[in-house]
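Residues in the sequence shown are numbered consecutively from 140, following the working numbering.
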Amino acid sequence: MDLFEAIEKRTSVRSYGTHRLSGAEWDRLLRAAMAAPSAVDRRPWDFVVVKERKTLEALAAALPYAKMAAGAAGAVVVCASPDRAFQGSREFALLDATAALENLLLAATGLGLGAVWTALYPEADREAAARSILGIPADVIPLALVPVGEPAGPAEPKDKFDPARIRRERW
């Protein structure tokens, strides 16, 4: 799938089939995520890959908007590490990790997989749940849980283009 097709077809997939991702598929997803830009190329991100069913079920039980994780082939928790960000900035770390998160979502679509962004940050209770279940250190921000898998059925993307949101030259 070419880049623009992946961008246009990307949609939030919340129901998954039985396909389990290969090591090569996981590698492609994570390589794509880490190809994201970051301020001064600091790459202040970390990824927790979760494939164990018991852990996926624990995350699904603890996170109110991530119930679909229990049925996914796996999930990636995208984390921001401010100590490695430009100027040690929490804000830069979050921006940079978000770019990596979007690359991950687009890569999943490009591979014919489904994924969904479920926010952990900025909800303290969701961050705490992910920290507790996955052992994420206190100085690392769990940004989002991204369940990934084969879509259980067709997923129709929305056309979100809105010319009214475009300003030319000035506001």
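For every residue, glycine included, the Cβ atom is placed at its ideal position computed from N, Cα and C. Here the structure is a predicted model, which is why all the values come from computation and not from measurement.
Which one or two residues does DSSP pair with residue i in a beta bridge?
| i | result |
| --- | --- |
| V217 | F186, A283 |
| Y155 | P290 |
| G253 | G288 |
| A258 | A283 |
Counting C-beta neighbours from all protein chains within 10 Å, is the total for residue i 16 or more, i.e. buried, or is it exposed?
| i | result |
| --- | --- |
| D166 | exposed |
| G213 | buried |
| R192 | exposed |
| V189 | buried |
| W184 | buried |
| A269 | buried |
| T157 | exposed |
| R159 | exposed |
| F300 | exposed |
| R265 | buried |
| P290 | buried |
| P302 | exposed |
| E164 | buried |
| L168 | buried |
| A277 | exposed |
| S220 | buried |
Can you name the start and end residues of the alpha helix (DSSP H) that residue i belongs to?
| i | result |
| --- | --- |
| E147 | 142-148 |
| M173 | 162-173 |
| A205 | First-last for A205: undefined, no H or E at that position. |
| L273 | 263-273 |
Measure the beta-carbon distance from residue i to residue j and round it to whole angstroms, keeping in mind my assumption that it falls under 8 Å.
| i | j | result |
| --- | --- | --- |
| L233 | I280 | 7 Å |
| L97 | L202 | Given that the chain is displayed from residue 140 to residue 310, the structure contains no residue 97 and the question cannot be resolved. |
| V216 | L240 | At roughly 10 Å, the Cβ-Cβ gap does not stay under 8 Å, so V216 and L240 are not in contact. |
| V255 | S151 | 4 Å |
| R153 | P296 | In fact, because the Cβ distance is near 14 Å, the residues do not count as touching under 8 Å. |
| A211 | L195 | 6 Å |
| A209 | A199 | 4 Å |
Could you check if residue i belongs to the surroundings of the ligand GTP, using beta carbon to heavy atom distance under 7 Å?
| i | result |
| --- | --- |
| V187 | Of ligands this structure carries none, so the ligand GTP is not represented either. |
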